Each structure stands twice: as C-alpha cells, then as structure tokens.
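Structure first, then comments.
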Amino acid sequence: MLPLLERAAELHGDTCAVSVSRAAVLNMSSMGGSIANAGVIFRRDLVAPAYKISKASLNMATRVIATYVKDKGILVISMCPGWVKTPIGTDKAVLEPEESIWTMIRTLPKLNESHHGTFIDRKGNPYHFENVL
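Start counting the sequence shown at 136; every next residue gets the next number (the working numbering).
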C-alpha cells in the first residue's frame with residue numbers, strides 16, 4: 136500500500152499540502168485506545184480489554200507510521216467516531232451512525248499537517264493518548 140500512497144502524494148505534491156486530498160491513512164480508533172485515560176475513565180469498565188489494547192496499539196502504529204512517512208506528503212491520523220449506536224456501542228450510545236459519519240466526512244477536508252500522527256475525535260479535536268498517568 137505504501138507505494139500507492141507515495142505515488143498519490145507525488146501526483147498531488149505541487150498542488151496541495153499534506154491533506155486527505157493528497158494522500159492519507161485514516162485509522163479508526165476509540166477512546167478505549169487512550170492510554171492517558173485508561174486508569175481514569177475505564178477503571179470502572181474493565182470489559183473488552185483486548186479491544187482497548189488493540190486500539191492503543193493502533194494509535195501507536197499511527198504515530199510510528201506518521202514518523203516514517205513524515206517527509207513523503209502522506210497524512211496519517213487515528214480518529215475516534217464517538218460513542219455510536221452499533222453492536223459494540225450498544226443502543227445506549229449517544230450517536231446515530233449517520234451523525235458520526237457525516238461529522239467525520241465534514242472534518243476530513245479540514246485536516247492538515249498539524250494533525251499528522253495524532254489521535255483526534257470526529258470533529259478534529261486532539262485526544263492526548265501519549266501521557267501515561
């Protein structure tokens with residue numbers, strides 16, 4: 136996949152800065168992947184530890200890959216869609232899938248180099264996942 140991303144970035148290199156319009160990797164993460172909040176938010180909620188560990192690993196992969204492709208013009212981010220009514224989110228969740236998706240779609244064109252390697256919510260606000268308590 137990297138050669139295709141590099142080619143896309145090269146094709147659009149003269150016309151746009153680092154953005155989803157040029158070349159991008161969007162990893163779908165979760166607040167469950169926030170190491171900074173693991174001991175606070177999720178202490179009372181120890182269900183699905185493998186899911187949370189996998190999302191924390193995905194956030195780390197985002198940061199590592201972002202560092203690797205930094206000078207290649209490829210935007211790499213992790214994004215949390217919010218608490219969505221899905222089989223995992225359950226019917227207690229606050230967002231309908233359509234609302235979450237449309238918010239992410241409106242956010243994507245606004246992303247730029249300042250978001251590279253970050254973990255953000257569906258509106259583009261950063262989550263701090265690197266600070267261990």
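Positions of the beta carbon are idealized from the N, C-alpha and C atoms, including for glycine. Please read all numbers here as calculations on a predicted model, not as lab measurements.
Rounded Cβ spacing between residue i and residue j (contact assumed at less than 8 Å)
i, j, result
"Gly148", "Gly208", "6 Å"
"Gly217", "Ser235", "5 Å"
"Val155", "Pro244", "7 Å"
"Phe254", "Ser192", "At roughly 12 Å, the Cβ-Cβ gap does not stay under 8 Å, so Phe254 and Ser192 are not in contact."
"Thr197", "Asn162", "5 Å"
"Gly168", "Asn194", "5 Å"
Residues that residue i bridges to, as DSSP identifies them
i, result
"Ile212", "Leu161"
"Val219", "Leu230"
"Pro261", "Ile255"
CA-to-CA distance, residue j to residue i, given in whole angstroms
i, j, result
"Pro138", "Glu145", "10 Å"
"Asn172", "Ala143", "36 Å"
"Thr225", "Val211", "29 Å"
"Leu268", "Tyr262", "Below a pLDDT of 50, predicted positions are generally treated as unreliable, and Leu268, at 37, falls in that range; no measurement from the model is reported."
"Ser164", "Leu230", "16 Å"
"Asp206", "Ala228", "39 Å"
Buried or exposed (CB count within 10 angstroms, at least 16 for buried), residue i
i, result
"Met239", "buried"
"Lys187", "buried"
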